[in-house]
Amino acid sequence: MAPAFSNRRVKLLAQQVEAIAAQLFETLAAQPQSADLRRHLSFPLPDMVISVLMGECASTLSEAEREQVPGFPADRDDLARLYAL
Numbered sequence: 004m005a006p007a008f009s010n011r012r013v014k015l016l017a018q019q020v021e022a023i024a025a026q027l028f029e030t031l032a033a034q035p036q037s038a039d040l041r042r043h044l045s046f047p048l049p050d051m052v053i054s055v056l057m058g059e060c061a062s063t064l065s066e067a068e069r070e071q072v073p074g075f076p077a078d079r080d081d082l083a084r085l086y087a088l
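In terms of the working numbering, the sequence shown opens at residue 4 and continues consecutively.
This is the structure we're talking about:
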């Protein structure tokens, strides 16, 4: 396991994570509505980084694949209904 986290490999991974984050921030900034950090950053970033660690190109994952992570709804009305339960 140590070779996977050598100094050289970690530096390369850091560059890849920065590139993925920059891509996600660009997508987030291009949204016409108010930003949903969870949908456009919090969920896809870890998935994309794990994909890179597993040898897959992060850009090959579709948005639908990245959105399969379960979570609370971002819509305020849906959140209000959850709290009312």
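Note that beta-carbon positions come from the ideal geometry of N, C-alpha and C, so glycine has one too.
Item: Should the region 17-29 be called in touch with the region 37-49, which here means at least 3 C-beta pairs below 8 Å?; Value: yes
Item: In the structure shown, what three-state DSSP assignment does residue 38 receive?; Value: coil
Item: Do residue 43 and residue 31 have their C-beta atoms within less than 8 Å of each other?; Value: yes
Item: Evaluate residue 9 with the Cβ neighbour count: other Cβ atoms within 10 Å of its Cβ, from every protein chain shown; 16 or more gives buried, anything less gives exposed.; Value: exposed
Item: Rounding to the nearest angstrom, what Cα-Cα distance links residue 37 and residue 18 in this structure?; Value: 28 Å
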